[in-house]
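Take a look at the structure set out below.
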Amino acid sequence: MTKNRADNKKSPGLLRRVLRAGFGILLGLVCWILIRESLVKRSIAEVRQVVSKQGGRMGSIHIGLASEYAISFQDKQFTSAELSELSVLEKLAKWKTVHVVVYLIDTNITDQDIRQLREQCPQCHFYRNVDEEILFDR
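No gaps in the numbering here: position 71 of the sequence shown is 716 in our numbering, and each next residue is one more.
Written out as structure tokens, the structure is:
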């Protein structure tokens with residue numbers, strides 16, 4: 646009989662500890678998601694500012710926890726300073742669940758410029774419209 650009483654006394658304590666641990670893990674996960682989302686939103690704001698300053702357009706598609714951002718520049722003549730400003734795209738593309746696609750339509754971007762952009766933004770995907778043909782520059 647004494648053994649059963651001792652077992653009964655241990656069970657509520659164990660259950661309490663398991664519930665506390667589960668609640669702590671859940672709280673930590675929620676905090677991590679909230680902090681991550683605020684950092685992603687800050688990256689989006691920086692990218693949106695640079696894109697609009699350079700006359701581009703930006704749109705997004707959200708699928709569950711993942712997002713894809715499409716950025717397009719049409720009839721844009723880039724300077725070397727403007728190309729280097731596009732390195733801010735990597736801040737957004739570095740997140741595992743965010744994909745960044747850049748469309749360059751009728752721009753003065755050369756193969757050398759694309760290589761420079763690829764070095765600055767290795768996680769981004771670039772598409773160019775050259776002579777009515779769409780080139781994927783990965």
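All C-beta atoms in this analysis are idealised placements derived from N, C-alpha and C, irrespective of residue type, glycine included.
Beta-ladder partner(s) of residue i, from DSSP
i      : result
Ala711 : Ile708
Glu778 : Val775
Arg702 : Ser717
Same chain, Cβ closer than 6 angstroms to residue i, five either side skipped, listed in chain order
i      : result
Gln765 : Ser732
Ile750 : Gln719 and Asn774
Ala711 : Thr742
Asp756 : none
Val696 : Met703 and Ile716
Contact set for residue i: own chain, Cβ-Cβ below 7 angstroms, skip 5 residues either direction
i      : result
Met646 : A caution first: Met646 carries a pLDDT of 48, below 50, which makes its placement in the model unreliable, though a value can still be read off. Cβ within range, chain order: n/a, list empty.
Glu727 : Gln699
Glu691 : Val733 and Lys736
CB contact below 8 angstroms: residue i versus chain B
i      : result
Cys769 : Looking at the structure shown, chain B is missing, and only one protein chain is on hand.
Contact set for residue i: own chain, Cβ-Cβ below 8 angstroms, skip 5 residues either direction
i      : result
Tyr772 : Val746, Val747, Tyr748, Leu749, Ile779, Leu780, Phe781 and Asp782
Arg661 : none
(Q) Please give the ranges of any alpha helix (DSSP H) in the segment 705–760, keeping only runs that are unbroken, at least 4 residues long and fully inside the region. (A) Annotation: the segment 705–760 contains the following complete segments of the alpha helix (DSSP H) (minimum length 4 residues), in chain order: 725–730 and 734–738.
Q: Please determine if the segment 717–731 and the segment 659–673 are in contact, where contact requires at least 3 C-beta pairs separated by less than 8 angstroms.
A: no
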